[in-house]
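To start, the structure under review is shown below, and the notes come after it.
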Amino acid sequence: MRTLAIGDIHGFSSTLENLLDFIAFDSDNDRLIFLGDYIDRGPNSRQVIEKLVELSANPKHIFLRGNHDEWLLEAYKDNSWFKSWLGWGVGGKETLRSYGAASFSPAILSLIPQSHFDFLESTRLFFETDDYIFVHASISWKPPEENSADELLWPTFEQLRPHPSGKTVICGHSSQSLGIPANKDYGICIDTFCSGEGWLSAFDVESFDVFQANKQGETRQFNMSEF
Numbered sequence: 005m006r007t008l009a010i011g012d013i014h015g016f017s018s019t020l021e022n023l024l025d026f027i028a029f030d031s032d033n034d035r036l037i038f039l040g041d042y043i044d045r046g047p048n049s050r051q052v053i054e055k056l057v058e059l060s061a062n063p064k065h066i067f068l069r070g071n072h073d074e075w076l077l078e079a080y081k082d083n084s085w086f087k088s089w090l091g092w093g094v095g096g097k098e099t100l101r102s103y104g105a106a107s108f109s110p111a112i113l114s115l116i117p118q119s120h121f122d123f124l125e126s127t128r129l130f131f132e133t134d135d136y137i138f139v140h141a142s143i144s145w146k147p148p149e150e151n152s153a154d155e156l157l158w159p160t161f162e163q164l165r166p167h168p169s170g171k172t173v174i175c176g177h178s179s180q181s182l183g184i185p186a187n188k189d190y191g192i193c194i195d196t197f198c199s200g201e202g203w204l205s206a207f208d209v210e211s212f213d214v215f216q217a218n219k220q221g222e223t224r225q226f227n228m229s230e231f
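Residues 5 to 231 (the numbering used here) are what the sequence shown spells out, left to right.
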């Protein structure tokens, strides 16, 4: 069985679909680990969540929470978070537009189905295997379960240090503008700037193969050993 980690999608549903086609995704024989930031910036956050809800029917797939997903959950509860979520560069307005919003007030969140909020609430802050720790952004020196949400959702890849467990950290969050995953040996960042001019990446943790798709419908594949 392949295990593939998928980086920040940011509302680009067609790119996600193209990537799943490119990896010849087989739900029975592949396990997907999504690293969060499913929404914001791109035009189709609703469609992304609908696809992930569909995939979540298979319990082998793992869905982590990103800081943008957390932002929406907090915006639902707190007007100050709602205002910041609509701020420049965050992408909240694009998410609301994907649900049919024509104006932007806290009440407009009612356009988002409760099942989508339930899905986001069900996401994990980390996932750990014998060899890897999967998180959205980074992790402190503490065991994963002792990290706060802020420690897992917000720091940059540059702040990541070797984890005392000796496990490799797989994360997203810090956009790699050249479209190539960043590799520190003890950590690999696969946010390859899908929300900009880069690619959406799927990383096979056994083979170190990287599969990518972009907004133009292009695909490519390479191995991390090449970089």
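Built from N, CA and C at the ideal position, the CB exists for glycine as well.
Using only the alpha-carbon positions, how far apart do Phe123 and Ile13 sit? Locating residue 123 in the sequence shown gives position 119, counting from the first residue. Locating residue 13 in the sequence shown gives position 9, counting from the first residue. Looking at the two C-alpha atoms, the distance is approximately 16 Å.
Check whether the segment 79-91 touches the segment 47-57, counting contact only when three or more Cβ pairs, one atom from each stretch, lie closer than 8 Å. no
Take every Cβ of the segment 138-151, pair it with every Cβ of the segment 163-178, and state whether three or more of those distances are shorter than 8 Å. yes
In the DSSP assignment, find the beta strand (DSSP E) that holds Gln216 and state where it starts and stops. Here residue 216 refers to the residue found at position 212 when the sequence shown is read from its first residue. It spans 213-217 - the beta strand (DSSP E) in which Gln216 sits, taken as one unbroken run.
In terms of DSSP beta bridges, what is Gln220 paired with? The residue you call residue 220 lines up with position 216 of the sequence shown. Answer by DSSP bridge pairing: none, since Gln220 is not bridged.
Top-ranked residue by Cα proximity to Gly200, from Ile194, Lys219, Asp213: Position 196 of the sequence shown, counted from the first residue, corresponds to residue 200. For the residues Ile194, Lys219, Asp213, the minimum Cα distance to Gly200 belongs to Lys219.
Under the assumption that Glu132 contacts Pro117 (Cβ atoms under 8 Å), give the Cβ distance between them as a whole number of angstroms. Taking the first residue of the sequence shown as 1, we reach residue 132 at position 128. Taking the first residue of the sequence shown as 1, we reach residue 117 at position 113. With a Cβ gap of about 31 Å, Glu132 and Pro117 do not count as contacting.
Quick check on Ala28: does DSSP put it in helix, strand or coil? The sequence position of residue 28 within the sequence shown is 24, counting from 1. Coil.
DSSP state of Leu36 mapped onto helix, strand, coil: Position 32 of the sequence shown, counted from the first residue, corresponds to residue 36. If DSSP states are grouped into helix, strand and coil, Leu36 belongs with the strands.
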